[in-house]
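Have a look at the structure below before the remarks.
Numbering (my numbering), first residue to last: 15 to 72.
Here it is in structure tokens:
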């Protein structure tokens, strides 16, 4: 799962390089990933952002 958090529009444009995604209004955005495993019919989030939380609290 790769959510994108946008300060502006939720509408995105895919650039011709096949890699770059930006919002139509070009406002700042952040893209991050979660790794999820489905086991026994339930989703387990395998990724963590604890290191980011620890750093941002200092």
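Beta carbons: idealized from backbone N, C-alpha and C, even for Gly.
Given this structure, state the Cα-to-Cα distance separating residue i from residue j, to the nearest angstrom.
i: residue 55; j: residue 49; result: 16 Å
i: residue 21; j: residue 27; result: 15 Å
i: residue 60; j: residue 30; result: 32 Å
i: residue 40; j: residue 58; result: 33 Å
i: residue 51; j: residue 23; result: 30 Å
How about residue i and residue j: do their beta carbons lie closer than 8 Å?
i: residue 82; j: residue 25; result: In the structure as shown, the chain begins at 15 and stops at 72. Residue 82 is therefore absent and cannot be evaluated.
Assuming residue i contacts residue j under a Cβ cut-off of 8 Å, what Cβ separation, rounded to an integer in Å, is found between them?
i: residue 64; j: residue 16; result: Not quite, the Cβ-Cβ distance comes to about 19 Å (not below 8 Å), so this is no contact.
When DSSP labels each residue in this structure, what does residue i get in the three-state scheme?
i: residue 37; result: strand
i: residue 43; result: strand
From the DSSP output, which residues share a beta bridge with residue i?
i: residue 56; result: 53
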